[in-house]
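Engineer:
Residue numbers (full-length UniProt numbering): 1 to 393.
#1: Output the residue ranges of the beta strand (DSSP E) runs that lie fully inside the UniProt domain "Methyltransferase type 11" (142-235) and measure 3 residues or longer, sorted by chain position.
#2: Within 10 angstroms of its Cβ, does residue 50 collect 16 or more other Cβ (buried), or is it exposed?
#3: Rounding to the nearest angstrom, what Cα-Cα distance links residue 104 and residue 262 in this structure?
#4: Measuring CB to CB, does residue 357 end up less than 9 Å from residue 369?
#5: Can you check whether the CB of residue 194 is closer than 9 Å to the CB of residue 413?
#6: Identify, in the order they occur along the chain, each residue of the same chain with its Cβ nearer than 7 Å to the Cβ of residue 65, setting aside the five sequence neighbours on each side.
#7: Note down, in chain order, each residue of its chain lying with its Cβ closer than 7 Å to the Cβ of residue 72, except the 5 sequence neighbours on either side.
#8: Could you tell me if residue 83 is buried or exposed, where buried requires 16 or more neighbouring beta carbons within 10 angstroms of its beta carbon?
#9: Would you kindly work out how many angstroms separate the C-alpha atoms of residue 190 and residue 14, rounded to a whole number?
#10: Measure the beta-carbon distance from residue 316 to residue 281 and round it to whole angstroms, keeping in mind my assumption that it falls under 8 Å.
#11: Can you list, in chain order, the residues of its chain whose CB lies under 8 Å from that of residue 382, leaving out five sequence neighbours each side?
#12: Near residue 57, which residues of its chain fall below 7 Å by C-beta distance, leaving aside the five closest residues on each side in sequence?
#13: So the beta strand (DSSP E) residue 32 belongs to, where does it begin and stop?
#14: Indicate the three-state DSSP secondary structure (helix, strand or coil) for residue 388 in the structure shown.
#15: Hey, is the segment 93-108 in contact with the segment 122-139, meaning 3+ C-beta pairs nearer than 8 Å?
#16: Considering only their Cβ atoms, is the gap separating residue 286 from residue 241 smaller than 9 Å?
#17: Got a sec? Which residues, its chain only, sit under 7 Å from residue 252 by beta carbon, not counting five neighbours each side?
#18: Return yes when at least one heavy atom of the ligand FMN lies under 8 Å from the C-beta of residue 203, else no.
#19: Starting from residue 67, follow the beta strand (DSSP E) in both directions and report where the run begins and ends.
#20: Quick check: the Cα distance between residue 378 and residue 364, rounded to an integer number of angstroms?
#21: Let's test the definition: count the other Cβ atoms within 10 Å of the Cβ of residue 359 and tell me whether it reaches 16, buried, or not, exposed.
#22: What does DSSP give as the partner residue(s) for residue 40 in the beta ladder?
#23: Please list, in chain order, all residues of the same chain as residue 132 whose beta carbon is under 7 Å from its beta carbon, the five residues on each side excluded.
#24: For residue 139, write down the residues that DSSP places opposite it in a beta bridge.
#25: Opposite residue 337 in the DSSP bridges: which residues?
#26: Would residue 176 pass as a contact of residue 101 if the rule is Cβ separation under 9 Å?
#27: Let me check one thing: in DSSP terms, what residues is residue 297 bridge-paired to?
#28: For a quick check, are the C-beta atoms of residue 155 and residue 200 less than 9 Å apart?
#29: Given a threshold of 16 other Cβ atoms within 10 Å of its Cβ, counted over all protein chains shown, does residue 376 qualify as buried or as exposed?
#30: Would you grab the beta carbon distance between residue 152 and residue 178 for me? Rounded to a whole angstrom, and I think it's under 8 Å.
#31: For residue 367, which residues does DSSP report across the bridge?
#32: Ignore the nearest five residues each way along the sequence and tell me which others in residue 62's own chain have a CB closer than 6 Å to its CB.
#33: Could you compute how far the alpha carbon of residue 8 sits from the alpha carbon of residue 75?
#34: Is it buried or exposed, residue 148, if we count other Cβ atoms within 10 angstroms and call 16 or more buried?
#35: Give the single residue among 271, 354, 225, 218 whose Cα lies nearest to the Cα of residue 258.
#36: Ignore the nearest five residues each way along the sequence and tell me which others in residue 331's own chain have a CB closer than 7 Å to its CB.
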């Protein structure tokens with residue numbers, strides 16, 4: 001675990017431990033709830049913070065947890081979560097699957113993306129970006145980490161990991177189904193008046209499929225650079241291009257803005273990174289002006305980045321040798337083999353044309369894997385015909 005010295009997102013003052021379930025502003029005395037080791041530091045939620053603390057102080061932990069699990073980001077357009085479903089999730093978290101957790105949280109189509117993200121091309125692009133510039137980081141921090149897909153891959157390769165997200169429930173799912181206990185997780189809004197983790201001892205900072213959502217991109221990027229320090233590096237993948245239509249909400253940016261924000265960066269077409277993984281080669285960076293037609297940009301920057309991309313052949317993009325590999329769960333039995341069944345029309349529209357896995361597979365349902373890139377099944381693993389899922393997926 002990375003020992004952050006947390007600051008209040010409202011005042012910038014140091015936060016101190018205040019019992020088993022709270023942090024306290026060292027100067028003002030204001031308190032913030034902590035559940036399962038995850039501080040809730042979201043600003044603009046005063047009544048929620050007060051109610052959660054009241055429940056925790058009265059030893060009503062389940063009530064406090066249900067309140068925080070129902071909280072969503074400002075882009076959410078779905079219905080509110082059902083309180084009884086949340087209570088069931090809290091009671092049955094030790095035995096529930098990840099898919100059940102996502103269902104009981106009421107995440108709808110967002111849940112489709114989360115449970116299948118291990119095979120989607122944008123996730124693979126982010127892994128490829130990391131592998132192409134890998135320099136054996138010791139500690140990594142991810143902003144907008146969601147349920148911890150990338151943190152899981154980093155942690156299993158010996159990296160100490162930490163993550164932040166504006167949605168407490170995503171971090172809670174990361175804790176119990178994806179990443180585990182040895183990760184520092186913090187709930188806060190990147191646009192808070194004060195950055196809560198200014199002196200985090202990390203040498204890799206990542207932000208995947210989220211940077212385009214942020215309002216004050218220059219200000220938040222400055223904070224990310226500060227977190228990476230004088231020797232660290234940044235990897236930001238799948239930044240939507242405002243010059244092209246897209247499927248997601250958010251505030252996409254242009255190639256010119258990419259060039260302005262990252263004067264020290266190497267810039268990629270997101271799709272080039274995914275192709276490089278499947279083809280086991282080094283991805284080719286481009287000048288931002290030459291990427292005006294791409295769907296999304298990916299960027300590495302900072303003094304600690306690898307100066308040139310290496311071939312994507314044997315690193316974080318492949319599962320470790322002890323992984324249990326199963327057929328991509330998007331496949332269903334059909335005519336003696338297996339065929340892709342998309343979870344929704346929207347998912348198909350967004351990913352079908354970019355998918356690395358074939359629409360049909362001969363199986364089998366599971367394969368042995370020794371982690372070596374030259375095995376007969378390596379190509380099927382690269383394209384995510386076979387996938388390494390969490391134990392309680």
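The beta-carbon is built from N, C-alpha and C at its ideal position, and this holds for glycine as well.
Structural biologist: Judging by the given coordinates:
#1: Counting only runs of 3 or more, we get 160-165, 183-187, 204-208.
#2: The residue labelled residue 50 in the question sits at position 50 within the chain shown. When all chains shown are included, residue 50 counts as exposed.
#3: Looking up residue 104 in the chain shown gives position 104. Looking up residue 262 in the chain shown gives position 262. A straight line joining the alpha-carbon of residue 104 with that of residue 262 spans about 40 Å.
#4: Position 357 of the chain shown, counted from the first residue, corresponds to residue 357. Position 369 of the chain shown, counted from the first residue, corresponds to residue 369. Going by beta carbons, residue 357 and residue 369 fall outside the 9 Å limit.
#5: In the structure as shown, the chain begins at 1 and stops at 393. Residue 413 is therefore absent and cannot be evaluated.
#6: Residue mapping note: residue 65 aligns to position 65 of the chain shown, counting from 1. Once the five neighbours on either side are set aside, the close Cβ partners of residue 65 are 35, 90.
#7: For the purposes of this step, residue 72 is taken as residue 72 along the chain shown, with counting starting at 1. By the criterion of a C-beta distance shorter than 7 Å, residue 72 is surrounded in its chain by 167, once the five residues flanking it on both sides are discounted.
#8: Mapped onto the chain shown, residue 83 falls at position 83. Exposed is the call here.
#9: Residue 190 sits at position 190 when you count from the first residue of the chain shown. Residue 14 sits at position 14 when you count from the first residue of the chain shown. Answer to the nearest angstrom: the Cα atoms are 18 Å apart.
#10: Mapped onto the chain shown, residue 316 falls at position 316. Mapped onto the chain shown, residue 281 falls at position 281. Contact doesn't hold; Cβ gap of about 16 Å is too wide.
#11: In the chain shown, counting from the first residue as 1, residue 382 sits at position 382. So the list reads 277, 278, 280, 317, 318, 356, once near-sequence residues are dropped.
#12: Along the chain shown, one-based indexing puts residue 57 at 57. Closer than 7 Å at the Cβ level, and outside the excluded window around residue 57, lies no residue.
#13: Within the chain shown, numbered from 1, the residue matching residue 32 stands at position 32. Element bounds for residue 32: 31-35.
#14: Mapped onto the chain shown, residue 388 falls at position 388. The three-state reading of DSSP puts residue 388 in strand, counting E and B together.
#15: Not touching, per the Cβ criterion.
#16: Looking up residue 241 in the chain shown gives position 241. Looking up residue 286 in the chain shown gives position 286. Not in contact: residue 241 and residue 286 (Cβ atoms no closer than 9 Å).
#17: By 1-based counting over the chain shown, the position of residue 252 is 252. Closer than 7 Å at the Cβ level, and outside the excluded window around residue 252, lie 212, 240, 241, 242, 246.
#18: The model depicted lacks the ligand FMN and carries no ligand whatsoever.
#19: As a working mapping, residue 67 is identified with position 67 in the chain shown. Per DSSP, residue 67 lies in no beta strand (DSSP E); the unbroken alpha helix (DSSP H) holding it starts and ends at 61-70.
#20: Residue mapping note: residue 378 aligns to position 378 of the chain shown, counting from 1. Residue mapping note: residue 364 aligns to position 364 of the chain shown, counting from 1. Between residue 378 and residue 364, the alpha-carbon positions lie close to 15 Å from each other.
#21: Position 359 of the chain shown, counted from the first residue, corresponds to residue 359. Residue 359 is exposed by the Cβ-count criterion.
#22: Locating residue 40 in the chain shown gives position 40, counting from the first residue. As computed with DSSP, residue 40 is found in a beta bridge with 187.
#23: One-based indexing of the chain shown puts residue 132 at position 132. Correct list, in chain order: 282, 283, 309, 310, 312.
#24: In the chain shown, residue 139 corresponds to position 139, counting from 1. Beta-bridge pairing links residue 139 to 160.
#25: What you label residue 337 is simply residue 337 of the chain shown in a count that begins at 1. Bridge partners of residue 337: 334.
#26: In the chain shown, residue 176 corresponds to position 176, counting from 1. In the chain shown, residue 101 corresponds to position 101, counting from 1. Contact: yes.
#27: Taking the first residue of the chain shown as 1, we reach residue 297 at position 297. Residue 297 has 239, 269 as its beta-bridge partners, per DSSP.
#28: Position 155 of the chain shown, counting from 1, holds the residue named residue 155. Position 200 of the chain shown, counting from 1, holds the residue named residue 200. Contact flag unset, no.
#29: As a first step, residue 376 is located in the chain shown; it is residue number 376 there, counting from the start. Classification of residue 376: exposed, given that the 10 Å Cβ count is below 16.
#30: If you number the chain shown from 1, residue 152 lands on position 152. If you number the chain shown from 1, residue 178 lands on position 178. About 5 Å separates the beta carbon of residue 152 from that of residue 178, a gap short enough to meet the 8 Å contact definition.
#31: Counting from 1 along the chain shown, the entry for residue 367 is found at position 367. DSSP output for residue 367 lists 325 as bridge partner(s).
#32: Working through the chain shown from its first residue, we reach residue 62 at position 62. Counting only Cβ-Cβ distances below 6 Å, and skipping sequence neighbours, we find 90.
#33: The residue labelled residue 8 in the question sits at position 8 within the chain shown. The residue labelled residue 75 in the question sits at position 75 within the chain shown. For residue 8 and residue 75, the distance between alpha carbons rounds to 24 Å.
#34: Numbered from its first residue, the chain shown carries residue 148 at position 148. Counting Cβ neighbours within 10 Å, residue 148 comes out buried, since at least 16 surround it.
#35: Working through the chain shown from its first residue, we reach residue 258 at position 258. Out of 271, 354, 225, 218, 218 has the C-alpha closest to the C-alpha of residue 258.
#36: Mapped onto the chain shown, residue 331 falls at position 331. Once the five neighbours on either side are set aside, the close Cβ partners of residue 331 are 338, 339, 340, 361.
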